[in-house]
Every structure is written in C-alpha cells, then in structure tokens.
Amino acid sequence: MGRAARHVLGEVVMYADLITESMRKAVGEVDRRRAIQVEYNKLHKITPQKISKPIREKLIDEIIEEKTKGQRGLDDVDYAQLPPPQLKRELKRLTEMMKYEAELLNFEKAAALRDKLHEVKKYQV
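Yeah, the sequence shown ends on 125 if you go by full-length UniProt numbering, and it's all consecutive.
Given below as structure tokens:
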C-alpha cells in the first residue's frame with residue numbers, strides 16, 4: 001500500500017474473501033497516517049504536487065561533461081619524468097577514470113585507460 005500511495009494515480013486492490021484483522025489494521029494505519037499528513041499540509045499551507053524528473057540521459061550527459069572539464073589528455077603527461085608522489089597520484093587518477101568509464105559502460109575508453117595504467121606502472125619505483 002505504501003508504494004501506491006506515493007504515486008499520483010496509485011491504487012491498491014486487495015483480493016480476499018474476508019477482511020482479516022491484519023488487513024483492517026493495515027488500512028487503519030494508512031488512514032491514520034494520511035490524516036496526520038493532511039493536517040500537517042493544512043498547517044504549513046502545503047499543496048501536494050507530483051514531482052517531475054529530468055530525462056536520465058540528459059543528466060548523465062551533464063555529469064560526463066562536468067567530469068571531463070579540464071581533464072588532461074592521457075598523452076599530455078610525461079610519466080617518466082614525474083616524481084614518485086605525483087606518479088602515485090596519476091596512477092590513482094587513471095584508476096578512477098577507468099572505473100568511471102566502466103560504470104558508464106564505455107568499455108573501449110575503460111580498456112584504453114587500463115592499458116595506459118599498465119604502461120604508467122612501469123615507471124613506478
């Protein structure tokens with residue numbers, strides 16, 4: 001009953017020959033909570049409204065764009081010349097980028113980052 005109550009057009013259909021005590025308690029509890037919510041809304045002058053969420057793909061594109069802003073290219077860094085602490089940070093950065101691309105199902109980019117990671121590890125002391 002809880003999930004349907006959160007949907008604007010939500011309804012609950014309960015199939016039974018008899019209304020059991022547990023069903024009666026559940027419906028009573030829902031009614032009790034709803035009365036509390038209505039009173040709270042009146043007190044605080046709240047008009048319940050359905051939410052509208054932006055399209056998931058648009059959000060993902062914005063996240064990718066934000067994450068890739070200002071990132072250095074993989075070939076822009078001379079890893080052989082980096083001091084050990086900075087090399088360690090670069091390895092961590094490459095690992096995070098690889099995992100991020102894999103989460104986005106960009107397996108080609110993740111594989112390229114994995115290969116670059118193996119190449120950079122050669123310079124580790």
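Glycine residues also receive a C-beta, built at the ideal position from the N, C-alpha and C atoms. Computed from a predicted structure; not experimentally measured.
query                                                                                                    : result
For residue 82 and residue 98, believed in contact at Cβ under 8 Å, the rounded distance                 : With a Cβ gap of about 18 Å, residue 98 and residue 82 do not count as contacting.
Local conformation of residue 124 per DSSP, three classes                                                : coil
Neighbourhood of residue 40 by C-beta, 8 Å cutoff - its chain only, sequence neighbours within 5 removed : 46
Assumed close pair residue 110, residue 102 - CB separation to whole angstroms, cut-off 8 Å              : 4 Å
DSSP state of residue 11 mapped onto helix, strand, coil                                                 : coil
Reduced DSSP secondary structure (H/G/I, E/B, other) of residue 115                                      : helix
Endpoints, the alpha helix (DSSP H) within which residue 77 is located                                   : Run containing residue 77: none; DSSP gives neither H nor E here.
N- and C-terminal bounds of the alpha helix (DSSP H) containing residue 31                               : 21 to 43
Residue 85 - DSSP class collapsed to helix/strand/coil                                                   : helix
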